[in-house]
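A.B. asks: Last residue of the sequence shown? That's 645 in the UniProt record's numbering, and every number before it is there in order.
Virtual Cβ for every residue (Gly too), placed ideally from N, Cα, C.
Note that the structure is predicted; figures quoted are calculated from it, not measured.
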Amino acid sequence: MGKIIGIDLGTTNSAFAFVQAGKPEVITNKEGNRTTPSVVAIDVDSKSEIAGITAKNQMVTNPEQTFYSVKRFIGLKYDDASVKKDLELVPFKTRKSSKGGIEIQFGDKWVTPEEVSAKVLAKIKADAEAFLGESVDGAVITVPAYFDDSQRQATKNAGKIAGLDVKRIINEPTAAAIAYGLEKSGDQTIAVYDLGGGTFDVSILEIGDGIYEVKSTSGDTHLGGDDFDQRLIDNFVDEFKKEQGIDLKEDPAALQRLKEAAEKAKIALSSSEQTEVNLPYITADAKGPKHFRMTLKKADMEKLVSDLVDKTFDSVRQALKDAGVEKSEINEVVMVGGMTRMPMVKNKVKEFFGKEPNISVNPDEVVAVGAALQGAVLAGDKEVDDITLLDVTPLSLGLEVNAGQMHVLIPRNTTIPTEKSEDRFTTGVDNQPAIDVKVLQGERPLAKDNKVLGTFRLDGIPAAPRGVPQFEVTFKIDANGILNVKAKDKGTGKEQDITITASTQLDQEEIDKLVKEAEENASKDKEEMEKLKVRNDADSYVFQSEKLLKDHADKISEDQKTTLEDKNKEIKEELAKADDADLEKLKTLSNELMEKMQEVGAKVYEDAGGETQAEGESEDKPNAEEGEVVDQPGADKSEEGKTVE
1 MGKIIGIDLG
11 TTNSAFAFVQ
21 AGKPEVITNK
31 EGNRTTPSVV
41 AIDVDSKSEI
51 AGITAKNQMV
61 TNPEQTFYSV
71 KRFIGLKYDD
81 ASVKKDLELV
91 PFKTRKSSKG
101 GIEIQFGDKW
111 VTPEEVSAKV
121 LAKIKADAEA
131 FLGESVDGAV
141 ITVPAYFDDS
151 QRQATKNAGK
161 IAGLDVKRII
171 NEPTAAAIAY
181 GLEKSGDQTI
191 AVYDLGGGTF
201 DVSILEIGDG
211 IYEVKSTSGD
221 THLGGDDFDQ
231 RLIDNFVDEF
241 KKEQGIDLKE
251 DPAALQRLKE
261 AAEKAKIALS
271 SSEQTEVNLP
281 YITADAKGPK
291 HFRMTLKKAD
301 MEKLVSDLVD
311 KTFDSVRQAL
321 KDAGVEKSEI
331 NEVVMVGGMT
341 RMPMVKNKVK
351 EFFGKEPNIS
361 VNPDEVVAVG
371 AALQGAVLAG
381 DKEVDDITLL
391 DVTPLSLGLE
401 VNAGQMHVLI
411 PRNTTIPTEK
421 SEDRFTTGVD
431 NQPAIDVKVL
441 QGERPLAKDN
451 KVLGTFRLDG
461 IPAAPRGVPQ
471 FEVTFKIDAN
481 GILNVKAKDK
491 GTGKEQDITI
501 TASTQLDQEE
511 IDKLVKEAEE
521 NASKDKEEME
531 KLKVRNDADS
541 YVFQSEKLLK
551 DHADKISEDQ
561 KTTLEDKNKE
571 IKEELAKADD
581 ADLEKLKTLS
591 NELMEKMQEV
601 GAKVYEDAGG
611 ETQAEGESED
621 KPNAEEGEVV
631 DQPGADKSEE
641 GKTVE
């Protein structure tokens, strides 16, 4: 069996490592470097595909056929607002695929972001095999903690395309904590602050006895070193335009040179107070060639990017809140990602937590090292201490029920892998032949305010009155964070399921705001839920009334029948007004109808000599349309050993 390696597939750079004799070691690529640029290109001369530093070196001369930062696009939709913003910043051509995803023009063909990432992974695999002198078949690949199901699946697909058996997808902060070996210092609560080239993650973990339990995670999948570079690029462009009257944003080759200069200046200012940016022959006009030169001071750069650093602490506060931990209770702050080398970042982290952050492990390599250690555990390496990873799902998962409500099966920050089943679901109309299961992700009580991950249909339901069929729905998240949903008709045993794949995506500009939005909209959501409840109750009472009239027609007087039918008619007329319905009127009518049903029901049972509850007072069946799933409150019957809501 081939070797299992750990791979940190980064936005800007990637690193990979393996474990030998129980010790992790970073693998150098064929160019002799410990990190590999996550860049792919088509060589100008040979037209062959290249990856890594050789691809990065031709970014200036061949911008349209040099592909970088594709991690920002993997598993996402073309129409996502954040994607459109990022696509404006890259020189290569893209288009919307037939499935709504992103395609990149790669030579004379169009490919997906995962296919481009696969070329980076293929180079990593080849370089690792050359370094180790043996085949590499398996890999543990890391992703930002806030990557959703689509992005995780797309990353796994990239590995498969590259010829790798992806043994596990793990979160970058978790991998970093493993690499630091903090479990050897006793029980601790730690914060992992991970600011990389394209993403920011923060996780709160409890560590002890070889167990790494993620208590919460938060972050921003569109905040990283690239954004810092862009601030410098924008500043360079503005300065040049003031001086020369030429907009360098219209010149792709010039922009690539500015990008390289910005990255070098940022690195230089991590250890110097100022640096020179000198780009001769940056462009030309009718008067001749133009040169760009400026002195950039550390203080000026920090002013340009200070708000980006401050923005990371919004996620830090959210993670602490979700974990139920005060910042004073954090024993250790672990720094990950190349951007944490910036003195301002280190200082602001120290100021926030009130303690020196831990920077004892190379921030560019620490994630790959942790992934390699996890790979060794999965391979059964007895020389590596056993590690138990208890990651969490970042957002709540559930399904749409009752004409628009979000029913949560797996709350956010639930430890994964996990499985939850409930059999409280039924049909909404008589003789309903199928149910549509709409899988949702988010924190809002109304389905329309959450992200639809996927939809599937369970059909072949035998004709039966509304509320009679019973369905069990199971949500299962594996150790990679990938979701599978199954619906089963308990009467027939028929099943249908869906695995959320890369064709379903989450808008990355919204993902880090979802929890905050849920809090900000709590009052509005409560009002909307109340409206929905009034309508559902009204419909339910009509249903019960009509059932009472049908089941006991011979025991109900004409006057009682007329009264109930008139109330039913009034309620139906009001419900037909949809959003214009008078909710107070519906409440009144519903109460009046329920009182009449109780009177009639009591009379029916009195005449029959019974003392049991009137059939008219059956369990509520909320308003529904054909195909909808109806939730039956109080009917929880989860699988043995599984948590019940």
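1) Cutting at 6 Å between CB atoms, please list the residues of its own chain near residue 494, excluding the five before and the five after it.
2) Quick check on residue 91: does DSSP put it in helix, strand or coil?
3) Could you check if residue 400 is buried or exposed, using at least 16 other CB atoms within 10 Å of its CB as the buried criterion?
4) Please report how far the alpha carbon of residue 268 lies from the alpha carbon of residue 274, in whole angstroms.
5) My understanding is that residue 225 touches residue 196, with C-beta atoms under 8 Å, so please give their C-beta distance in whole angstroms.
6) Is the stretch 162–179 touching the stretch 235–242, taking contact as three or more C-beta pairs under 8 Å?
7) Could you tell me the distance, in whole angstroms, from the CA atom of residue 635 to the CA atom of residue 432?
8) When DSSP labels each residue in this structure, what does residue 245 get in the three-state scheme?
9) Give the single residue among 381, 66, 499 and 402 whose Cα lies nearest to the Cα of residue 117.
10) Report yes if the C-beta distance between residue 133 and residue 372 is below 8 Å; otherwise report no.
11) DSSP on residue 583, reduced to helix/strand/coil?
12) Counting pairs of beta carbons, one from the stretch 566–578 and one from the stretch 536–546, are three or more of them closer than 8 Å?
13) For the alpha helix (DSSP H) holding residue 293, just list the boundary residues, first then last.
14) Name, in chain order, the residues that DSSP records as bridge partners for residue 358.
15) Using the C-alpha atoms, what's the distance from residue 335 back to residue 359?
16) Go ahead and pull the three-state DSSP assignment for residue 145.
17) Short of 7 Å in beta carbon distance, which residues of its chain neighbour residue 638, apart from the five on each side in sequence? Order them along the chain.
18) I want to see whether chain C comes within less than 8 Å of residue 49, judged by CB atoms only; does it?
19) Measure the alpha-carbon distance for residue 291 versus residue 243 and round it to whole angstroms.
20) Within 8 Å, do at least three Cβ pairs link the stretch 209–217 to the stretch 253–273?
21) By Cβ distance, which residues of its chain are closer than 8 Å to residue 410, with the 5 residues on each side in sequence left out?
22) With three or more C-beta pairs closer than 8 Å as the rule, is the stretch 110–126 touching the stretch 35–44?
23) Helix, strand or coil: which one does DSSP assign to residue 11?
24) Between residue 272 and residue 298, what straight-line distance do the alpha-carbon atoms span, to the nearest angstrom?
25) List the endpoints of the continuous beta strand (DSSP E) containing residue 58.
26) Considering only their Cβ atoms, is the gap separating residue 487 from residue 468 smaller than 8 Å?
27) Quick one: measure Cβ to Cβ for residue 173 and residue 203, integer angstroms, because I've assumed they're closer than 8 Å.
28) In this structure, how does DSSP classify residue 400 when only helix, strand and coil are distinguished?
29) Kindly give me the distance between the Cβ atoms of residue 3 and residue 136, rounded to whole angstroms, as I take these residues to be in contact under 8 Å.
C.D. replies: Taking the geometry as given:
1) 460
2) coil
3) buried
4) 8 Å
5) 7 Å
6) no
7) In this prediction, residue 635 has a pLDDT of 43, which is less than 50 and means its spatial position is unreliable; what the coordinates show is noted afterwards. Answer to the nearest angstrom: the Cα atoms are 20 Å apart.
8) coil
9) 66
10) no
11) helix
12) yes
13) Looking at the DSSP string, residue 293 is not in any alpha helix (DSSP H); the run it does join, the beta strand (DSSP E), is 288–297.
14) 334
15) 6 Å
16) coil
17) With a pLDDT of 36 at residue 638, under the threshold of 50, the modelled position of that residue is not reliable, and the figure given next carries that caveat. Around residue 638: 420, 421, 422 and 644.
18) The question asks about chain C, but that chain is absent: this structure has only one protein chain.
19) 11 Å
20) no
21) 393, 396, 397, 398, 418, 420, 475 and 477
22) yes
23) coil
24) 7 Å
25) Residue 58 -> no beta strand (DSSP E), and no H or E assigned at all.
26) no
27) 4 Å
28) strand
29) 5 Å
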